[in-house]
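Peer 1: Counting from 1, one number per residue, gives the positions in the sequence shown under the UniProt record's numbering. Have a look at the structure that comes next, please.
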Amino acid sequence: MSHSFGSQLEASDVLKARFNPIYEAIADDVEADTGVRPAPEDIYPMSCVRTAVFAGTDDWTAWRDESALIPAIAKAKERERLQDALERDGDSPEARAMAKRLAEMTPAQKLSFARQHGLTGAAKAQNAATGKDRTPEETAALIRQAEALPAGMRLAFCRKHGLS
1 MSHSFGSQLE ASDVLKARFN PIYEAIADDV EADTGVRPAP EDIYPMSCVR TAVFAGTDDW
61 TAWRDESALI PAIAKAKERE RLQDALERDG DSPEARAMAK RLAEMTPAQK LSFARQHGLT
121 GAAKAQNAAT GKDRTPEETA ALIRQAEALP AGMRLAFCRK HGLS
């Protein structure tokens, strides 16, 4: 009968004593790298941790090879990849794939996705547009463009160009 790693840890004080320092070291490193401290359950899937706990060895230091199994690290890597794609102005396969993915989302899903991945900075930068260096003719042209857009897009367009 097989038991999960977590239940085996709970059942054995020896395994707990071996696991705790390993968890603390990995959690400290992950927190220093990502700012998020993983839960003990987040490192259970890592085979190097399991092997070190069951064998009683110190050979768990290769955990970074399996770091994608830790949700906090996977999320941070995804955020970095998305940020890089956005900074390249959409001229990459990743940006095109992201554009396709975003096109299939509802507005609420897009907002939730942006918040989860910390990508709301671009919208804040667009909101800061003032339009003070624009001529009245340029402003009128932008207003005409805005009038042709649907209501939701019109608001974003006006904010982006400082027409609020």
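Cβ atoms here follow ideal geometry from the backbone N, Cα and C, with glycine treated the same way.
From the DSSP output, in three-state form, read off L155 for me.
Peer 2: The sequence position of residue 155 within the sequence shown is 155, counting from 1. Helix.
Peer 1: So what's M46 in DSSP terms, helix, strand or just coil?
Peer 2: Your numbering for residue 46 matches position 46 in the sequence shown. Residue state, collapsed to three classes: coil.
Peer 1: When burial is assigned at 16 or more other CB atoms within 10 Å of the CB, is I143 buried or exposed?
Peer 2: In the sequence shown, residue 143 corresponds to position 143, counting from 1. Counting Cβ neighbours within 10 Å, I143 comes out exposed, since fewer than 16 surround it.
Peer 1: Grab me the residues of T34's own chain with a C-beta within less than 7 Å of its C-beta, minus the 5 sequence neighbours each way, in chain order.
Peer 2: What you label residue 34 is simply residue 34 of the sequence shown in a count that begins at 1. Answer for T34: A72, I73, A76, listed in chain order.
Peer 1: Round the Cβ separation of A146 and C158 to the nearest angstrom and send it over; I've been treating them as touching at under 8 Å.
Peer 2: Here residue 146 corresponds to residue number 146 of the sequence shown, with the count starting at 1. Here residue 158 corresponds to residue number 158 of the sequence shown, with the count starting at 1. That pair is a contact at about 5 Å.
Peer 1: Going straight from the alpha carbon of P45 to that of G6, what length do you get?
Peer 2: In the sequence shown, counting from the first residue as 1, residue 45 sits at position 45. In the sequence shown, counting from the first residue as 1, residue 6 sits at position 6. Approximately 10 Å between the Cα atoms of the pair.
Peer 1: So, A114 versus M98, is the Cβ gap smaller than 8 Å?
Peer 2: Translated into positions along the sequence shown, residue 114 becomes position 114. Translated into positions along the sequence shown, residue 98 becomes position 98. No, the pair does not count as a contact, with Cβ atoms beyond the cut-off.
Peer 1: For V36, which residues of its own chain have a beta-carbon under 6 Å away from its beta-carbon, when the five flanking residues on both sides are left out?
Peer 2: Here residue 36 refers to the residue found at position 36 of the sequence shown. Excluding sequence neighbours, V36 sits near A72.
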